[in-house]
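One structure below.
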Amino acid sequence: MATRFASSSTQSSATSTPDHAGPSSSTRPASGTGRTTHFGFRDVPEEEKETLVGGVFSSVASSYDLMNDGMSLGVHRLWKDNFVSSMLPRLPPSYHQHPEPANPSSVRPANPKFKCLDVAGGTGDIALRILDRAREKFASRDVEVEIVDLNQGMLDEGRKRVAKTLYYNTPQIAFTHGNAQSLPSHIADNSIDLYTIAFGIRNCTSIPAALSEAYRVLKPGGKIGVLEFGKVSNPLLREAYRQYSFQFIPILGKILAGDADSYQYLVESIEKFPTQPEFAQLMRDAGFQTGQMKEGRGGAWRDFTFGVCSMWTGVKA
Ligand SMILES: C[S@@+](CC[C@H](N)C(=O)[O-])C[C@H]1O[C@@H](n2cnc3c(N)ncnc32)[C@H](O)[C@@H]1O
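Okay, so the sequence shown: first residue is 317 according to our numbering, each after it adds one.
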């Protein structure tokens, strides 16, 4: 059983109701805890971290998608494709079969909706992939994704993107300004079929609080997928990757986004993130059933590109 995480460090939050046309927000202020946490390599008061993280994503929002391609040479697209196809190998039959009504003249009942929550969903990379996969692979429009993100600028970029797709102004996609650590109150306990968080949980002040919230809102049997930067196990490759990260990425950030500091934070936050088994243990501590404590088939996580990126999966019992 998961316990509700009660650290006061996690309780500053933004809450709002979903908006199918775009984001809205209301934020309540954080109170001081006297404790510190890391922001990249710096120690900062816990209650300041969200503001600092908010500053990073406000700064990079308009160039975020371009930078993702620049930093990873487009490989982040493959990671995300693999992540989404692993999290949604199929739809449960009730979500894509259209049962014939007993009486052919009666109105066909509406299909149930497969509810996804993409937390720290930013500009919608994961949400759009989920909807595309459901439509293209399973011919289903009975999937709905709500994007929750703490940063208004990122949500605005997502909204612009969605406006160019066929999901715009449909119930299939909604944007909500909110905090992973204290999800908006309209997201009820046991209401979500699939919870995803990609490259977001690293930025949370309290990872256990975010995982505890994920556990709370998932239905029993619902799945969680976390995509994050991992640790490269091969020592030679690890050092090469470290050099690339610290020497090249802040410079690229300066060139493409006019902002080296935000990308310096990015590489530092990756260094501070738990190892793959440590993160798997955090998922278990939150109550999730995971695979065995190993990488790959039957394991709690799967590495991409030698562990530069990893995905962890779990199920709410
Ligand atoms: C690196 S971006 C990832 C965006 C998207 N998931 C993707 O894969 O492209 C990280 C996102 O996490 C959001 N974020 C950071 N802390 C958050 C929190 N506590 N709650 C919700 N979102 C958060 C940021 O605003 C940002 O949009």
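Cβ coordinates follow ideal geometry from the N, Cα and C atoms, glycine included.
Start-end ranges of the beta strand (DSSP E) lying completely within the region 526-584, minimum 3 residues: 534-545
Item checked: Close-in-space but distant-in-sequence residues of the same chain around residue 338 (CB under 8 Å, 5 per side omitted) -> In the sequence shown, counting from the first residue as 1, residue 338 sits at position 22. For residue 338, the pLDDT reaches just 37, beneath the cut-off of 50, and the residue's location in the model is therefore unreliable, although a value from the coordinates is still provided. Result list for residue 338: 471, 472, 475 and 491, in chain order.
Name the residue from 594, 468, 562 and 517 whose alpha carbon lies nearest to the alpha carbon of residue 375. Position 59 of the sequence shown, counting from 1, holds the residue named residue 375. Of the listed residues, the one whose Cα sits closest to residue 375 is 468.
Self-check item: Three-state class that DSSP yields for residue 499 in the structure shown
Solution: As a first step, residue 499 must be located in the sequence shown, where it is residue number 183. Here residue 499 sits in coil by DSSP.
Note to self: Under DSSP, the beta strand (DSSP E) around residue 640 begins and ends at which residues?
What the structure shows: No answer is possible for residue 640: it lies beyond the span of the chain, which begins at 317 and ends at 633.
message: To the nearest angstrom, how far is the alpha carbon of residue 528 from that of residue 603?
response: For the purposes of this step, residue 528 is taken as the residue at position 212 of the sequence shown. For the purposes of this step, residue 603 is taken as the residue at position 287 of the sequence shown. Using only the alpha carbons, I get a separation of about 8 Å.
Starting from the Cα of residue 449, find the closest Cα among 486, 402 and 429 and give me that residue.
Translated into positions along the sequence shown, residue 449 becomes position 133. Nearest C-alpha to residue 449: 402.
Open item on the list: Check whether the region 586-597 and the region 544-558 touch, using three or more Cβ-Cβ pairs below 8 Å as the test.
Closed with: yes
Worksheet item: Any heavy atom of ligand 1 within a distance shorter than 7 Å of the CB on residue 629?
Response: For the purposes of this step, residue 629 is identified with residue 313 of the sequence shown, where counting begins at 1. Checking every heavy atom of ligand 1 against the Cβ of residue 629, none is found closer than 7 Å.
- Message: Do residue 517 and residue 504 count as a contact pair if the criterion is CB distance below 8 Å?
- Response: Counting from one through the sequence shown, the residue named residue 504 turns up at place 188. Counting from one through the sequence shown, the residue named residue 517 turns up at place 201. No.
- Item | Three-state secondary structure (DSSP) of residue 370 | Taking the first residue of the sequence shown as position 1, residue 370 is located at position 54. Three-state DSSP puts residue 370 in a helix.
- Short check: CB of residue 445 to CB of residue 396, under 8 Å? As a position in the sequence shown, residue 445 is number 129, starting the count at 1. As a position in the sequence shown, residue 396 is number 80, starting the count at 1. Yes, the pair counts as a contact, with Cβ atoms nearer than the cut-off.
Check your understanding: Would you say the beta carbon of residue 460 comes nearer than 7 Å to a heavy atom of ligand 1?
Key -> Position 144 of the sequence shown, counted from the first residue, corresponds to residue 460. No, the beta carbon of residue 460 sits no closer than 7 Å to any heavy atom of ligand 1.
### Task
Using only alpha-carbon positions, find the residue among 373, 571, 453 and 619 that is nearest to residue 437.
The residue you call residue 437 lines up with position 121 of the sequence shown. Answer by Cα proximity: 373.
_Own chain, CB closer than 7 Å to residue 617, minus 5 neighbours either side, in chain order_ = In the sequence shown, the residue the question calls residue 617 occupies position 301. Cβ within range, chain order: 592, 596, 611, 626, 627 and 628.
Would you identify the three-state DSSP class for residue 492, choosing helix, strand or coil? Your numbering for residue 492 matches position 176 in the sequence shown. Correct three-state label for residue 492: strand.
Per-residue DSSP class, three states only, for residue 619 | For the purposes of this step, residue 619 is identified with residue 303 of the sequence shown, where counting begins at 1. Here residue 619 sits in strand by DSSP.
Distance check for residue 550 and residue 515, CA to CA, integer angstroms please.
The residue given as residue 515 occupies position 199 in the sequence shown. The residue given as residue 550 occupies position 234 in the sequence shown. Their Cα atoms are separated by approximately 22 Å.
**Message:** Excluding the 5 residues flanking residue 565 on each side, which residues of the same chain have their C-beta closer than 7 Å to its C-beta?
**Reply:** In the sequence shown, the residue the question calls residue 565 occupies position 249. Excluding residues within five positions, the ones whose Cβ falls inside 7 Å are 387, 579, 582 and 583.
Exercise. Could you check how far apart the C-beta atoms of residue 361 and residue 352 are, in whole angstroms? I think they sit under 8 Å.
Key: Sequence index remark: in the sequence shown, residue 361 carries index 45 (1-based). Sequence index remark: in the sequence shown, residue 352 carries index 36 (1-based). Their Cβ separation, rounded to whole angstroms, is 6 Å, which keeps residue 361 and residue 352 in contact under 8 Å.
What is the DSSP secondary structure of residue 457, reduced to helix, strand or coil? Translated into the one-based positions of the sequence shown, residue 457 becomes position 141. Looking at residue 457 - three-state DSSP - the assignment turns out to be coil, as it is neither helix nor strand.
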